[in-house]
Every structure is written in C-alpha cells, then in structure tokens.
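Enquirer: One structure follows; several queries about it will come next.
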Amino acid sequence: MPRIEGLTGRVIMEGEPGYEEARLDFNTRFSKFPKVIVYCMNEQDVANAVIWARKNKMPFRVRGGGHSYEAFSLVDGGLVIDVSELLHVKIDKIGGTAHVGAGYRILPLYEALWKQGLTIPSGTCATTGVSGLTLGGGYGYLSRLFGMTCDNLLEVEMVNPWGRIIQASEENHTDLFWACRGAGDGNFGVITAFTFRVHPIGDVAHYNMTWDFSDLQKVVGFWQEWAPYSDDRLTSTLLLHAQDQGAILSSGIYVGWEKELRQLLRPLQEAVPPKTISIRSASWITAARMLAGTMTRHATFKNTSAYVYEPFSDEALSILTHYLSNAPGPSNLVMFDAYGGAIGRVPPDATAFVHRRALIMIQYQSYWENNREESPNTQWIEQFRSAMLPFTRGAYRNYCDLLISDWPTAYFGENIAKLKKVKKMYDPENVFHYEQSIPLE
Ligand SMILES: Cc1cc2nc3c(=O)[nH]c(=O)nc-3n(C[C@H](O)[C@H](O)[C@H](O)COP(=O)(O)OP(=O)(O)OC[C@H]3O[C@@H](n4cnc5c(N)ncnc54)[C@H](O)[C@@H]3O)c2cc1C
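Sequence positions in the sequence shown follow my numbering and run 189 to 629.
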C-alpha cells in the first residue's frame with residue numbers, strides 16, 4: 189500500500205468501504221483498479237494530490253464526472269484525483285457570469301443557473317461532468333444559438349504540474365486558455381473552477397417527430413440540408429435507431445415562441461410527413477430535465493464519432509442504411525447533431541476546438557448488458573465508422589475512441605501543432621499523460 193502522508197481530502201484506498209463504487213466510471217465496459225482515489229474538497233487538496241503523485245512516482249488521472257467513453261479518468265494501480273466534490277457556484281447576474289466548481293454535473297448546474305433565469309449552452313445527459321465536457325468542447329440543445337460550452341468560458345482556474353494554482357483567460361496565460369477550450373481534458377493541469385458567460389433564458393419551444401425506418405434515407409437526405417442552416421435559435425438532432433430497435437426521431441429546442449417553431453418545422457414536415465409529431469412550449473429547465481431522460485449511474489457501451497462537412501451522397505446514405513439494417517443489437521443507433529449557427533461563426537483556429545465548419549456531428553452508438561455482446565458490438569461500431577470514412581472527416585474529442593489511430597488530427601486538425609507547443613510550455617515533463625493526451629512531439 190502506498191503511504192498517504194501529504195494526501196489531503198477524502199481518501200479511499202483499494203479495498204476500503206466505498207472503493208467498489210469509487211473505482212468505476214460511467215462506462216462499465218472498463219473495470220480498473222486504482223490504488224487510491226482522493227475526493228478533493230478544495231484546490232489545495234488537488235495541489236497536494238499532484239505533488240504527492242509526482243513525489244511517489246505514482247501514475248495518476250483526473251476525474252470530473254467520470255463519463256469518459258474510454259475511462260481516461262481511471263488508472264490501474266495509480267491515483268485518481270477526483271474533483272466531483274468541488275461544488276461551489278457564484279452567480280453574478282448583473283455581470284452575466286458564473287464561477288462554477290469543477291465538480292458540477294450538467295443538470296445540477298442548469299438547475300442552479302435557472303434559479304436566476306440564466307443558463308449556459310452545455311450537454312444533455314444529467315450526470316455528465318461539466319469539467320470534461322467543457323474542456324473537450326461541449327455541445328447541446330442551445331449550441332447553435334450560444335456556441336459550444338467552451339465558447340462561453342471566460343476563465344479557468346488550474347492546478348499546474350508543479351502544484352501551483354494559476355488562472356488562464358484572454359488576459360493571462362492566453363495560449364493555455366486557448367488550449368483549454370477544446371483540449372483541456374487532463375493535458376495541462378487539473379481545472380478546479382470555470383468562469384462562464386451566462387445567458388438569460390425563460391420559456392422555449394421543443395419538438396419531437398418520428399418516422400418509420402423505411403423513411404430513413406428521405407429523412408436524413410432532407411434534414412442534413414435543413415437543420416445546419418435553420419434559424420440559430422433552433423438546435424435540432426436526429427436519432428436513427430437500427431431497424432426493429434426503435435423509430436427515427438428528430439428532436440430540438442427553439443429559443444422562441446411555439447408558433448414560430450411550427451413555422452420553422454413546416455419544410456421538414458412537408459418533405460417527409462412524420463408518423464407522430466409533438467410541438468410544445470415549456471420553461472427551459474422543464475425541457476432540459478425532459479431531454480436529460482432518466483438518470484442512470486452506469487451503462488456498458490462503445491460509441492464513436494465523425495464530422496460531416498458536406499451533405500451525404502446517395503452512396504453514403506446507402507452505407508448508413510446497410511449498417512443500421514444489420515446491427516448486432518440489442519441497442520444500436522446513430523445520432524446526428526446539427527452544427528452551424530454560433531458554432532460555425534468562430535474561426536477553427538480561435539480555440540483548440542477545430543470542427544467549426546462541420547455541418548453535422550454523427551455519433552455511432554452501441555449498448556449492451558451481457559459480456560458476450562461486447563465483441564459483435566465493438567466490431568459493428570468500428571466497421572461502421574470505417575465504412576463511412578470516405579464521407580466524413582475527423583472526430584469529436586469528447587467522444588474519444590481508442591480505435592482511431594490518427595486521433596491527434598481527427599480531434600484537433602491543424603490545431604495539433606499549436607497544442608504541442610502549449611504542452612511543451614505548460615507541461616514540459618509530460619506529467620499529465622494518458623492514452624490520448626497531447627504529445628510533446
Ligand atoms: C451519457 C453521456 C452523455 C453525454 N452527453 C454529451 C453531450 O450532450 N454533449 C457533449 O458535448 N458531450 C457529451 N458527452 C461526452 C462528454 O462530454 C465526455 O465524455 C466528457 O469527457 C465527460 O466529462 P466528465 O468530466 O464527466 O468525464 P471524466 O471521465 O471525469 O473526464 C473526461 C476527461 O477529462 C479529464 N478531466 C475531467 N475533469 C478534469 C478537470 N477538472 N481538469 C482537467 N481534466 C479533467 C479527464 O482526465 C478525462 O481525460 C456525454 C457522455 C456520456 C457518457
């Protein structure tokens with residue numbers, strides 16, 4: 189057992205009560221056994237943990253909400269520096285900012301901001317960590333109006349590789365701040381707090397439309413030419429369940445009146461008449477709670493992503509249909525997120541998040557419960573992603589995938605060169621490293 193002198197916060201050692209739950213991330217495809225998990229209560233606990241890990245030559249990982257697709261926030265035989273209990277929030281309604289502890293999860297943050305009639309554009313699932321999501325970009329149902337989550341960042345507070353607490357913003361450590369907006373996940377230091385620009389919000393209108401699988405190509409064909417170009421106040425997604433596993437479903441949030449949304453949806457509705465349709469008004473928080481769905485502590489899955497820069501050709505649509513008609517089950521789908529709007533108005537090199545000109549992000553998803561289902565599902569995901577490569581470009585950092593061999597270019601495009609420079613400047617000894625961390629060279 190390692191000595192824990194110098195480690196402060198709530199420390200859980202291997203084998204101690206609470207260890208079994210603490211050692212798991214959201215994705216139970218992974219079962220790792222860290223030696224120590226430290227739940228930090230303040231920045232000093234984080235600093236002590238970084239210094240302790242270095243002194244004891246112990247591998248370590250940083251964990252926010254534990255939702256990494258590849259469990260990058262866990263390490264066998266090492267230390268997990270968990271910031272999920274850094275839960276302070278200070279809202280300055282007049283100044284339009286919120287200072288948020290790195291432990292917040294999405295829905296609790298929406299709830300805290302909503303009490304003041306405010307929000308940020310962020311993710312959909314209730315329990316995803318604000319930390320990882322923001323540092324890798326951050327997309328959700330307000331992104332076409334307000335941008336990626338990282339576009340709304342004003343400052344990060346970070347414990348650096350030497351255990352010192354620094355702030356990065358447009359005024360201080362500007363290159364580091366640039367890098368943290370799209371590539372800040374576990375690469376340069378541990379972020380302990382975020383300052384966000386917040387936006388007033390009240391009622392919104394939301395919609396759901398469904399179609400049968402037989403309409404798949406017609407729906408995708410129309411939606412891809414419509415959703416990324418629609419009014420910025422509308423952010424729309426399209427979910428394609430595999431054949432016999434569910435419907436084709438489009439959902440979206442419009443920050444405006446229901447009757448305006450009805451108008452905006454008419455072209456889609458007329459192009460491919462849906463089987464069911466619902467268009468309603470609700471407060472933003474009611475819509476966010478509804479879209480977050482039921483809270484699950486864990487799931488077993490393999491997901492990956494790709495960006496669509498040009499609408500899919502008929503050939504691409506045929507491949508899409510082929511894979512969705514031949515899925516291993518029990519739960520396979522592809523999700524389309526509409527980009528454009530405020531996301532696309534930021535130049536690709538203005539932040540580390542590079543995929544500004546993409547029209548759509550697609551996410552290939554596969555979930556199962558029995559171990560024997562893992563192999564056919566992971567193969568299906570990888571074969572599907574590979575078959576679509578001629579029609580897609582890059583991948584989303586937050587949907588990390590160990591099977592993407594050219595991941596630095598896929599996630600960061602041309603921004604990888606500057607990221608390596610920032611890495612050299614802020615973590616020259618590569619203290620923060622894991623399977624897909626920014627390399628020095
Ligand atoms: C169910 C589910 C729903 C999702 N929905 C969305 C969505 O709607 N929109 C979207 O954009 N993404 C979404 N994601 C992807 C999500 O953004 C990423 O998985 C993200 O990395 C999760 O962050 P986390 O803090 O929960 O994860 P963690 O596993 O804790 O961390 C992920 C990575 O970030 C690093 N990291 C975490 N905290 C810090 C910190 N404080 N300082 C430095 N590095 C840190 C970790 O070391 C790790 O490398 C979803 C993921 C899941 C599993």
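By construction, the Cβ of each residue, glycine as well, lies at the ideal position given by its N, Cα and C atoms. Owing to the predicted nature of the structure, the values given are computational and were not obtained by experimental measurement.
CA-CA distance, Q457 and P309?
Expert: Your numbering for residue 457 matches position 269 in the sequence shown. Your numbering for residue 309 matches position 121 in the sequence shown. Near 27 Å, if we compare the C-alpha coordinates of P309 and Q457.
Enquirer: Counting C-beta neighbours from all protein chains within 10 Å, is the total for Q412 16 or more, i.e. buried, or is it exposed?
Expert: Against the sequence shown, residue 412 aligns to sequence position 224. Buried, by the Cβ-count rule.
Enquirer: Do L449 and A393 have their CB atoms nearer than 8 Å?
Expert: Sequence index remark: in the sequence shown, residue 449 carries index 261 (1-based). Sequence index remark: in the sequence shown, residue 393 carries index 205 (1-based). Yes, these two residues count as a Cβ contact at 8 Å.
Enquirer: Starting from Q355, follow its DSSP beta bridges and name the residues at the other end.
Expert: As a first step, residue 355 must be located in the sequence shown, where it is residue number 167. In DSSP, Q355 forms a bridge with E345.
Enquirer: Using a threshold of 7 Å, is the CB atom of S439 nearer than that to any non-hydrogen atom of ligand 2?
Expert: Ligands in the displayed structure: ligand 1; ligand 2 is not one of them.
Enquirer: With a threshold of 16 other CB atoms inside 10 Å of the CB of P222, please say whether the residue is buried or exposed.
Expert: Locating residue 222 in the sequence shown gives position 34, counting from the first residue. Counting Cβ neighbours within 10 Å, P222 comes out buried, since at least 16 surround it.
Enquirer: Report the start-end ranges of each beta strand (DSSP E) in the segment 507-567 that is 3 residues or longer and not cut off at the edges.
Expert: Whole beta strand (DSSP E) segments, 3+ residues: 519-526, 548-555.
Enquirer: So R593 is in the alpha helix (DSSP H); what residue range does that whole segment cover?
Expert: The residue given as residue 593 occupies position 405 in the sequence shown. According to the sequence displayed, residue 593 carries Ser and not Arg. Taken as a continuous stretch (DSSP letters only), S593 belongs to no alpha helix (DSSP H), as it is neither H nor E.
Enquirer: Quick test of your reading: T539 and R369, contact by CB under 8 Å. State the CB separation rounded to the nearest angstrom.
Expert: Locating residue 539 in the sequence shown gives position 351, counting from the first residue. Locating residue 369 in the sequence shown gives position 181, counting from the first residue. Indeed, because the Cβ distance is near 4 Å, the residues count as touching under 8 Å.
Enquirer: Drop a sphere of 10 angstroms on the beta-carbon of W445, count the other beta-carbons inside from all chains shown, and report buried for 16 or more, exposed for fewer.
Expert: What you label residue 445 is simply residue 257 of the sequence shown in a count that begins at 1. Exposed is the call here.
Enquirer: How far does the alpha helix (DSSP H) with Y614 in it extend, from its first residue to its last?
Expert: In the sequence shown, the residue the question calls residue 614 occupies position 426. Element bounds for Y614: 604-614.
Enquirer: Hey, how far is the Cα of A235 from the Cα of P627?
Expert: Residue mapping note: residue 235 aligns to position 47 of the sequence shown, counting from 1. Residue mapping note: residue 627 aligns to position 439 of the sequence shown, counting from 1. In a straight line, the C-alpha of A235 is about 23 Å away from that of P627.
Enquirer: Would you list the one or two residues that DSSP bridges to G289?
Expert: Residue mapping note: residue 289 aligns to position 101 of the sequence shown, counting from 1. According to DSSP, G289 bridges with A381.
Enquirer: Residue range of the beta strand (DSSP E) that M397 falls in?
Expert: Mapped onto the sequence shown, residue 397 falls at position 209. Counting along the chain, the beta strand (DSSP E) containing M397 begins and ends at 391-399.
Enquirer: Within the continuous alpha helix (DSSP H) that includes D233, where are the two ends?
Expert: Within the sequence shown, residue 233 is the residue found at index 45, counting from 1. Element bounds for D233: 231-243.
Enquirer: Less than 8 Å separating the beta-carbons of D233 and G289?
Expert: By 1-based counting over the sequence shown, the position of residue 233 is 45. By 1-based counting over the sequence shown, the position of residue 289 is 101. No.
Enquirer: Within a Cβ cutoff of 6 Å, which residues of the same chain sit near M189, ignoring the five residues on either side of it in sequence?
Expert: Locating residue 189 in the sequence shown gives position 1, counting from the first residue. Confidence in M189 is poor, its pLDDT being 49 and thus under 50, which makes the residue's placement unreliable; the coordinate value appears in the next sentence. There are no such residues.
Enquirer: Tell me the DSSP secondary structure of Y227 in three-state form.
Expert: Working through the sequence shown from its first residue, we reach residue 227 at position 39. Looking at Y227 - three-state DSSP - the assignment turns out to be strand.
Enquirer: Determine the burial state of G481: buried for a count of at least 16 other Cβ atoms within 10 Å of its Cβ, exposed for fewer.
Expert: Working through the sequence shown from its first residue, we reach residue 481 at position 293. Counting Cβ neighbours within 10 Å, G481 comes out exposed, since fewer than 16 surround it.
Enquirer: Counting only the same chain and skipping the five closest in sequence on each side, list residues whose C-beta sits under 6 Å from that of R251.
Expert: Reading the sequence shown from its first residue, position 63 is the one you call residue 251. Within the same chain, R251 has close Cβ partners S261, V268, D270.
Enquirer: Can you say whether Q624 is buried or exposed, counting buried as having 16 or more other CB atoms within 10 angstroms of its CB?
Expert: Within the sequence shown, the letter at position 436 stands for residue 624. Per the 10 Å Cβ criterion, buried.
Enquirer: With a CB to CB cut of under 6 Å and the five nearest residues on each side skipped, what residues in its chain are close to T316?
Expert: Stepping through the sequence shown from its first residue, residue 316 is reached at position 128. Closer than 6 Å at the Cβ level, and outside the excluded window around T316, lie G253, H255, I294.
Enquirer: Roughly how many angstroms separate the alpha carbons of R385 and P296, rounded to a whole number?
Expert: What you label residue 385 is simply residue 197 of the sequence shown in a count that begins at 1. What you label residue 296 is simply residue 108 of the sequence shown in a count that begins at 1. Rounded to the nearest angstrom, the two C-alpha atoms are 17 Å apart.
Enquirer: Have a look at R585 and H543 and give me their C-alpha separation to the nearest angstrom.
Expert: Taking the first residue of the sequence shown as 1, we reach residue 585 at position 397. Taking the first residue of the sequence shown as 1, we reach residue 543 at position 355. Between R585 and H543, the C-alpha separation is close to 10 Å.
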